[in-house]
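Protein chains in written order, with the numbering used here: chain A, 2 to 539; chain B, 2 to 232.
Right, one structure below, let's go through it.
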Ligand SMILES: Nc1ncnc2c1ncn2[C@@H]1O[C@H](COP(=O)(O)OP(=O)(O)OP(=O)(O)O)[C@@H](O)[C@H]1O
Ligand SMILES: [Mg+2]
């Protein structure tokens, strides 16, 4: 085909013009390649991460809404307001009973449901590991442990708890915070740390889920500290029973676990004593702990303090359920389904996995957003530049068009030749641009990502500082905002950014650029009249 | 039978008041050389533009083998049936002489055994050396460019040659050589040759001369503008 031959010759005979076009296309192609690669790596990271995570969801009280409801601006004194808020809290908490949670588990989107109960207790004859004091707790007698810890941690939800913007999630109703956190699981699946492998049984065996004899497992740190072995028994007591005979419960240690993560999970901020140390977590079955709390509630007595608040000596407990979903989509369906099943707006459905996942890719996502804007600007500016160059070059080539027409070359063919020329130049640029872009996109993406992470980490830590008191809330099932942002494992690196998708998109951009360039040539050629061009040589 | 004829053609340029050509009826037959003469501005180039289909008559029609050329594909007509040597050559300055010639051969779509060889032969015939043939047209003299234009018009073997002062830039000797080529084409290959010229030496070699007389005033009604003279 002589058109291609002519096109190639024409490119080499007017090199300067074509080099200019090529450079512009090259800049567009390289920038576009990097921008698309960033977008792509963000999408790929998202896809991969979503495939790996097991989407779980929890139903919790909508704290934001509750706080709005009891905002300082609303009428009433602040103390009655707090009181009302507490009442409201406990009402809402009772709405999250296991029966209710199990009801929502019947939603078609849920593929599995498990639950756990947790309670705060003090030791009797065993001491809690307390890393906050630099070494192990020095408190000796069981009674003094109880009182000193209650001083340290304060009264949960109490008047001096500073809980104006920070409604406690668990143990509301003013229970005392104990040194140990006992967690009862419904199934081994619920023990996510053991599933993921961050915690491992180092000796002995798992407790039994039937709950017949109060079997439990304890951390190796706690075992060492108290010289406990598999088969030892430990005694825990109700921290709310401060007078009369102590209310004690005995557990048999069937296994000792090792936690490969640092024992204090919540970093920064204040720490509320021993209970925040994960080494003091004792795991048992749901049935066992549920039996204990039921017994405790039955035998409890209530009293009124001088401010008229009712306090019970019953062991406080918190039930939480975890819904397992096959996909993120199922989780989103679940959110709608529970609404139709009657879950009020006072509760929210959240997925810690998705939240932490979303946090982890936030820098990449932000970068992807910038990349899109950047891409659009580059395309726009580049497109306009190319169009302008072509308008000028076509004027230069007016005579050529006239001659070609005068010697009988069809307009269609003249236009084709011009399009082929632009196509070749643009695609040479695209090929070079893609190679350059592919080579630099990984380092560029990663360094931009580092900046982005640095930025978001500093934002997160300043939020964390503002809400410093939140740091100590690290109990089981508690993930406060600050924790989520400081402990987030950001996606810090991308391996490869330019893939076939990107190349295809670049080819698309190349075609688009060629079309922009060509359309001017085509419009001009379709309107020319050879005699006019040849007789007005200017 | 005429291969090409003007049938009562009138023409004026858009935006001007004056007719350039008025009621012209010329016939051109195969195997003959025609000379179109007339003073500068008489409309000779305009006539060739009409004959080559670059513009349309305002009145009357141009017939190719008795068919109105408006009903033909103009591009096929220009690229295959006629060979035009423009007064201003209309070569592509960025191409070499031989490339210009080959381009027209390509555009004609006709089959050739060896385009390059054929082109070089033709350029040799009109007196260009091999070196000149491979030089960019921009770097050739006026006369050399004119001869490239001639070679280009002949290259795809059209039935009709329309030449606008094809020897205007040439010395008498070279002019004779070119005229010999035209004569040979007319006599041996039965081509129709139309030469626009001021030169008496050229019109002498023509079989027939059409003389265009410049029109005066605004579109006068006078009917006979041209003389016919058998050469
Ligand atoms: N594009 C144009 N627009 C308007 N008028 C034109 C145009 N081209 C030519 N003319 C006019 O038409 C008339 C005929 O011009 P043409 O070029 O046909 O003359 P010519 O006989 O070829 O002259 P020459 O011997 O100088 O080449 C002239 O008066 C010229 O001014
Ligand atoms: Mg002229």
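Ideal Cβ placement from N, Cα and C applies to all residues, glycine included.
In chain B, which residues lie with their C-beta within 8 Å of the C-beta of residue i?
i: residue 408(A); result: 79, 80, 85, 91, 104, 105, 108, 153
i: residue 411(A); result: 76
i: residue 540(A); result: An answer regarding residue 540(A) cannot be provided, because it is not within the stretch 2 to 539 covered by chain A.
i: residue 371(A); result: Under the 8 Å cutoff, chain B gives no residues; its nearest Cβ is about 44 Å from residue 371(A).
For residue i, which residues in the same chain have their Cβ closer than 7 Å to its Cβ, ignoring the five residues on either side in sequence?
i: residue 531(A); result: 403, 406, 407
i: residue 79(B); result: 53, 54
i: residue 509(A); result: none
i: residue 139(A); result: Residue placement at residue 139(A) cannot be trusted, given a pLDDT of 41 that sits under 50; what the coordinates show is reported in the next sentence. Once the five neighbours on either side are set aside, residue 139(A) has no close Cβ partner at all.
i: residue 291(A); result: 118, 185
Beta carbon of residue i, beta carbon of residue j: below 8 Å?
i: residue 218(A); j: residue 237(A); result: no
i: residue 185(A); j: residue 92(A); result: no
i: residue 6(B); j: residue 28(B); result: yes
i: residue 238(B); j: residue 58(B); result: Residue coverage of chain B in this structure runs from 2 to 232, which leaves residue 238(B) outside it and unanswerable.
i: residue 512(A); j: residue 395(A); result: no
i: residue 66(A); j: residue 352(A); result: no
i: residue 34(A); j: residue 507(A); result: yes
i: residue 22(B); j: residue 47(B); result: yes
i: residue 46(A); j: residue 516(A); result: no
i: residue 196(B); j: residue 164(B); result: yes
i: residue 387(A); j: residue 514(A); result: yes
i: residue 31(A); j: residue 437(A); result: yes
i: residue 128(A); j: residue 226(A); result: yes
i: residue 69(A); j: residue 500(A); result: no
i: residue 58(A); j: residue 254(A); result: no
i: residue 339(A); j: residue 191(A); result: no
i: residue 5(A); j: residue 426(A); result: no
i: residue 343(A); j: residue 60(A); result: no
i: residue 104(B); j: residue 138(B); result: no
i: residue 276(A); j: residue 182(A); result: yes
i: residue 110(A); j: residue 334(A); result: yes
i: residue 121(B); j: residue 99(B); result: yes
i: residue 193(B); j: residue 4(B); result: yes
i: residue 7(A); j: residue 453(A); result: no
i: residue 316(A); j: residue 293(A); result: yes
i: residue 492(A); j: residue 357(A); result: no
So, for residue i: in the same chain, excluding its five sequence neighbours on each side, which residues have a beta-carbon less than 6 Å away from its beta-carbon?
i: residue 152(B); result: 102, 123, 124, 127
i: residue 430(A); result: 23, 26, 27, 30
i: residue 81(B); result: 109
What does residue i touch in chain A if you count any residue whose Cβ is under 7 Å from its own?
i: residue 156(B); result: Within 7 Å Cβ-Cβ: nothing; residue 156(B) doesn't reach chain A, min ~10 Å.
i: residue 50(B); result: 532
i: residue 56(B); result: 532
Once the 5 residues before and after residue i are set aside, which same chain residues still bring their CB inside 8 Å of it?
i: residue 184(B); result: 34, 206
i: residue 18(A); result: 390, 394, 397
i: residue 56(A); result: 325, 326, 327, 328, 329, 331, 332, 352, 354, 355
i: residue 215(B); result: 39, 40, 42, 43, 44
i: residue 2(B); result: 30, 66, 67
i: residue 1(A); result: Here chain A comprises residues numbered 2 to 539, so residue 1(A) is not present and cannot be evaluated.
i: residue 136(A); result: In this prediction, residue 136(A) has a pLDDT of 42, which is less than 50 and means its spatial position is unreliable; what the coordinates show is noted afterwards. So no residue of the chain qualifies.
i: residue 147(B); result: 86, 90, 167, 168, 169, 170, 171
List the residues of chain B that residue i touches, going by C-beta distances under 9 Å, in chain order.
i: residue 396(A); result: By Cβ distance, chain B contributes nothing, its closest Cβ being about 16 Å from residue 396(A), past 9 Å.
Mind pulling the chain B residues with CB within less than 7 Å of residue i?
i: residue 535(A); result: 91
i: residue 14(A); result: 95
i: residue 1(A); result: The structure shown does not extend to residue 1(A), since chain A is modelled only from 2 to 539, so the question has no answer here.
i: residue 3(A); result: 107
Counting only C-beta atoms, is residue i closer than 8 Å to chain D at any point?
i: residue 445(A); result: Protein chains in the displayed structure are A and B, and chain D is not among them.
Check: For the stretch 25 to 109 of chain A, which segments carrying the beta strand (DSSP E) assignment without a break, of at least 3 residues, lie completely within its bounds, in sequence order?
Finding: Within the stretch 25 to 109 of chain A, the runs of beta strand (DSSP E) that reach at least 3 residues and sit entirely inside it are, in chain order, 56 to 62.
Item checked: Uninterrupted beta strand (DSSP E) stretches inside the stretch 128 to 193 of chain B (no shorter than 3 residues) -> Taken in chain order, the whole beta strand (DSSP E) runs of length 3 or more contained in the stretch 128 to 193 of chain B are 161 to 165.
Check: With distances taken from each beta carbon to the nearest heavy atom of ligand 2, which residues come in below 6 Å, in chain order?
Finding: The set, ordered by position in the chain, is 45(B), 46(B), 88(B), 165(B).
Notebook entry, point to check: Of all the beta strand (DSSP E) runs that stay within the bounds of the stretch 333 to 360 of chain A, which reach a length of 3 or more residues?
Noted result: Entirely contained in the stretch 333 to 360 of chain A, the beta strand (DSSP E) runs reaching 3 residues are, in chain order, 348 to 351.
Notebook entry, point to check: Where in the stretch 88 to 121 of chain B do unbroken runs of the beta strand (DSSP E), each at least 3 residues long, occur, reported from the N-terminal end onward?
Noted result: Entirely contained in the stretch 88 to 121 of chain B, not one beta strand (DSSP E) run reaches 3 residues.
Item checked: Whole runs of the alpha helix (DSSP H) within the stretch 184 to 268 of chain A, excluding any shorter than 4 residues -> The qualifying runs are 193 to 197, 221 to 227.
Checklist line | Secondary structure, beta strand (DSSP E): runs of 3+ residues fully inside the stretch 2 to 73 of chain B | finding: Taking only runs of at least 3 residues, the beta strand (DSSP E) segments lying wholly in the stretch 2 to 73 of chain B are 5 to 12, 22 to 25, 34 to 39, 60 to 65.
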